[in-house]
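First the structure, in the form of C-alpha cells, and then the observations on it.
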Amino acid sequence: MRKLLAILLLLTSAIYAQDEQEQAYVKPDFKAIEQNIKNKQSALYYQKLFERFQQADSTLTLEEKYHLYFGYSFTDAYKPYFSSDNLKEIRTLVNTDNLTKEQMERVIELSQDAINGYPFDVSMMGYRAYFYRALGKEKLAEKEEIRANLVFDAILGTGDGMSKETCFYVINVGNEYELINVLGMAYAGEQKLVEGKYDYLELEENDYGVYGLYFNVSRIMSSFK
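Counted the way mature numbering (1 follows the signal peptide of the UniProt record, and there is no 0) counts, the sequence shown spans residues -17 to -1, 1 to 208.
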C-alpha cells in the first residue's frame, strides 16, 4: 500500500470543497479571530467550535471554519511542530500489504495520539478513514472525511497559492504537503522561506503547469517570538 493512499481517498471531496468556494478569497483576520474565540458568549467561542469539529459537524460556515482552524493557533495547545512518537510505527504499518484486522485497529489506535497532539492532522484522518472503512465502520470513516474537509475548506478559502498575494494560509507545515497531495500534485523536494513568512514549495511537473505554491506561515513563525 502506498504511504499516501489514504490521503488520496480525500481527493474528490477536497477538490469539490474548493470548487464550491466561488466567492473571493478571504485572508484570515488573526486579530479578530483571536478576540472572537475567547468570547464565551460568541458562537465563535473556541470550545464550541471544537466540539462541533469533534462531532464532524459539516454545517460549519466558512467563517466558523476559519475560527476553528486558525483559532487553534491562539490556544495553549498549539504546537506547530508537534510530531507523534508513534509516527514511525504508523508509517511501517500503512506501507504493509494485506494488513490484518488487528493491524488496522493498531493504526487507528496509534493515529489517535497524533491527532491528540495536532487535531488537524489530515494524514492521520485519512489513514483512519481508510481503515475504518476496511473494517466496515462506514459512519466513522465518513466522520474522519468530514473533519478533513473542514480543514481543507479553511485553507482553500484563503487563496490559490499561486503568488504571495494569493497564498494559502496554514498553521502547520504538514498541512502544506497534505494539500498538495489532494490537489493531485507532488512536492519536488525544494522548499524556501520567503521574506520570513512564506513557504514556497516547488512541485514536480504536473498537468496544471504549476511550478510551485506559496503558503503563509506567519502564525507558525509567531510561535517562536
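Glycine residues also receive a C-beta, built at the ideal position from the N, C-alpha and C atoms. What you are looking at is a predicted structure, and each value in this text was computed from that prediction instead of being measured.
Cutoff 8 Å; reference residue i; Cβ partners in own chain excluding five residues on either side
i	result
Tyr181	Lys147, Cys150, Tyr197, Phe198, Asn199 and Val200
Tyr61	Tyr55, Ile154 and Ser206
Glu46	Leu27
Nonlocal neighbours in the same chain, by C-beta distance under 7 Å from residue i, ignoring five residues either side
i	result
Gln4	Per-residue confidence for Gln4 stands at a pLDDT of 48, beneath the threshold of 50, marking its modelled position as unreliable; the derived number appears in the next sentence. Hits under 7 Å: Leu139 and Gly140.
Gly192	none
Tyr20	What sits at residue 20 in the sequence shown is Ile, not Tyr. Closer than 7 Å at Cβ, skipping near neighbours: Leu27, Tyr28, Tyr29, His50, Gly54 and Phe57.
Tyr194	Glu185 and Leu186
Nonlocal neighbours in the same chain, by C-beta distance under 6 Å from residue i, ignoring five residues either side
i	result
Lys126	Ala39
Met107	Ser94, Ala97 and Ile98
Tyr152	Pro11, Thr141 and Asn199
Glu92	none
Phe65	Gly100 and Tyr101
Asn189	Met168
Ile16	His50, Phe53 and Gly54
Where residue i falls, given that 16 or more other Cβ within 10 Å makes a residue buried
i	result
Ala117	exposed
Lys48	buried
Asp104	buried
Ser67	buried
Asn78	exposed
Ala124	buried
Leu176	exposed
Ala112	buried
Asp59	exposed
Asn164	buried
Ala137	buried
Asn69	buried
Gly119	exposed
Those residues which DSSP pairs with residue i across a bridge
i	result
Gly195	Glu185
Phe53	Answer by DSSP bridge pairing: none, since Phe53 is not bridged.
Residue i - DSSP class collapsed to helix/strand/coil
i	result
Asn132	helix
Lys48	helix
Lys23	coil
Leu43	coil
Gln38	coil
Ala7	coil
Asp80	coil
Gly119	coil
Val90	helix
Asn69	coil
Thr58	coil
Ser206	coil
Ala112	helix
Val105	helix
Asp12	coil
Quiz item: Which runs of the beta strand (DSSP E) fall wholly inside the region 136 to 182 and span at least 3 residues, in chain order?
Solution: 170 to 177
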